[in-house]
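Structure, as structure tokens:
Residue numbers (my numbering): -11 to 297.
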């Protein structure tokens, strides 16, 4: 028995697919979305899919025809003023389409999903014999998955933009570690009023004297660490105690020290205090220190001043 292909179902399936492709392309390309333009573009794409699905119309399946139509689709779906922006979005549209298409082909060829859904593939166009209710549910699910995935991606990307290379020097020892600009870090050294950078102990351990590292690795209170460090040559004037409050601990103390030099992306931060934190600051190990926002503001001022000289 030959499979029956319903043109309305074929149109609707490819309309939904094209709408998702165009929407995803806009999100990745940070292109402002006009829903009516996207709907119009997705409709044109669905009509084209219906036309080239049938073998008698293979003329429209040629490489030149598909390239020309994809350019028309992008031009219709987005309001683009510059030629460079147009070709950037066109390239993104191809990348998104190839990714989605590759995933669909892998799903159909390496699993029984295609046979279970009565899927057909002709001239690169997918037809799935889905009931309308299931199609609507699938569309909503796909939209939710893409939206959540995009939100997570942007969240990670935004966080990475706030991570900077922090270089600390004590004597002849220098280390570089990734540090997050944390607006929640409001710690200051009570003695000098200097802003405090909070750093993981394991990350800054190479800067510390051997005796200090030994006592950090033992159950000890901050005063013990302070007295041990103060007894080391060149460390008497460096050491600080930084009071802090956090969830579950209202009156905590962190041991801190003044490095000889601190830079972020080769910009000198001036005088700061580094507080030593014994636990991990990032679950996924993306950063190992928390920068004080005042430090970053000063850093931006220095960068501006240097650029104007």
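Heads up, the beta-carbon is just placed ideally off N, CA and C, and yes, glycines get one too.
In this text, all values refer to a predicted model and were calculated from it rather than measured experimentally.
(message) Can you confirm whether the region 207 to 227 touches the region 267 to 280 when touching is taken to mean that 3 or more C-beta pairs between the two stretches lie within less than 8 Å?
(response) no
(request) Give the range of the alpha helix (DSSP H) segment to which residue 264 is assigned. (result) According to the DSSP assignment, residue 264 belongs to no alpha helix (DSSP H) but to the beta strand (DSSP E) extending over 261 to 265.
(message) Which same chain residues end up closer than 8 Å to residue 279 when comparing Cβ atoms and leaving out the 5 residues on each side of it in sequence?
(response) 152, 154, 167, 168, 169, 170, 173, 185, 252
(request) Helix, strand or coil for residue 282, going by three-state DSSP, please let me know. (result) Correct three-state label for residue 282: helix.
(message) Distance check for residue 244 and residue 63, CA to CA, integer angstroms please.
(response) Between residue 63 and residue 244, the C-alpha separation is close to 58 Å.
(request) Return the CA-CA distance between residue 22 and residue 7, expressed in angstroms with no decimal places. (result) 12 Å
(request) Round the Cβ separation of residue 157 and residue 247 to the nearest angstrom and send it over; I've been treating them as touching at under 8 Å. (result) 6 Å
(message) Going by the DSSP bridge assignment, what does residue 30 pair with across the sheet?
(response) None, per the DSSP bridge assignment.
(request) Might you give, ordered along the chain, the residues of its own chain that have their beta carbon closer than 7 Å to the beta carbon of residue 150, omitting 5 neighbours on each side? (result) 168, 169
(message) Which residue marks the beginning of the beta strand (DSSP E) containing residue 209, and which one marks its end?
(response) That residue, residue 209, is in no beta strand (DSSP E); it is neither H nor E in DSSP.
(request) May I have the straight-line CA-CA distance separating residue 260 from residue 233, to the nearest angstrom? (result) 20 Å
(message) Buried or exposed for residue 24, going by 16 or more other Cβ atoms inside 10 Å?
(response) exposed
(request) Report, in whole angstroms, the separation of the C-beta atoms of residue 277 and residue 199, which I expect to be a contact under 8 Å. (result) Not really, about 23 Å apart at Cβ, beyond 8 Å.
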